[in-house]
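Colleague: What follows is a structure written as structure tokens; I'll ask about it next.
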Amino acid sequence: MSTMKVEYINPFINATLNALSTMASTSPAIGKVYLKGTEKMRCEISGTIGVAGDATGSVTINFPREVVLRVVSNMLGMDVDDINDDVKDAVGEIANMIAGGAKGELTQMGFNFKIALPVVCVGKNHYTNYPKDVVCVVIPFSMDEGDFSVEVALKMGASN
280 MSTMKVEYIN PFINATLNAL STMASTSPAI GKVYLKGTEK MRCEISGTIG VAGDATGSVT
340 INFPREVVLR VVSNMLGMDV DDINDDVKDA VGEIANMIAG GAKGELTQMG FNFKIALPVV
400 CVGKNHYTNY PKDVVCVVIP FSMDEGDFSV EVALKMGASN
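In structure tokens, the structure reads:
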């Protein structure tokens, strides 16, 4: 199994804090970061961005239903009570901001990679699996609106 250095995770933390404070006027607190094992972290909506280049893999933001509805209500300035196209678009945009923000920081560290368009998955109790040779770091966050997580699953290139 490959490893992932903590300095590769910090850009994703910073980008998540920035995206949620900018887009949803909320201030997430970071929980204890851990390696994803066999547990299935269940959520109702997630946004995933693929990464290719010096690092390959993905970054995924996972929200429970109630939390995403509160976050998107904050973003839109109106009550949202169902997972609709606006909610899906918002989750894709948040995922894009996280991946793009992290890419900017990692580029300054000498990495060269591209990010894909977001893929949003909706469904009760879904979860994301990763290849066995890819380390997945789970970054839990909590905020007034509820808890969510970001999963960073990257395989670093041989030069890093």
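The sequence shown begins at 280 in the numbering used here and counts up one residue at a time. Even for Gly, the Cβ is constructed at its ideal location relative to N, Cα and C. Since this is a predicted model, take the numbers as computed values, not measurements.
(1) Taking 7 Å as the limit between beta carbons, can you name the residues of its chain near D423, skipping five residues before and five after?
(2) In whole angstroms, what is the alpha-carbon distance linking V416 and N289?
(3) Helix, strand or coil for E430 per DSSP?
(4) Using the Cα positions of V414 and I324, report the straight-line distance between them to the nearest angstrom.
(5) Buried or exposed: which applies to E286, given that a residue is buried once 16 or more other Cβ atoms fall within 10 Å of its Cβ?
(6) Figure out for me which residue from M376, D361, S337, G332 has the closest Cα to the Cα of V347.
(7) Return the chain-ordered list of same chain residues with a C-beta closer than 6 Å to the C-beta of R349, the five sequence neighbours on each side being excluded.
(8) Skipping 5 residues on each side, what residues in its chain have a beta carbon closer than 7 Å to that of L296?
Modeller: In terms of the structure at hand:
(1) T305
(2) 11 Å
(3) strand
(4) 22 Å
(5) Counting every other CB atom within 10 Å of its CB across the protein chains shown gives E286 a total below 16, marking it as exposed.
(6) When each option's Cα is compared against that of V347, the closest is D361.
(7) Excluding residues within five positions, the ones whose Cβ falls inside 6 Å are E424.
(8) P307
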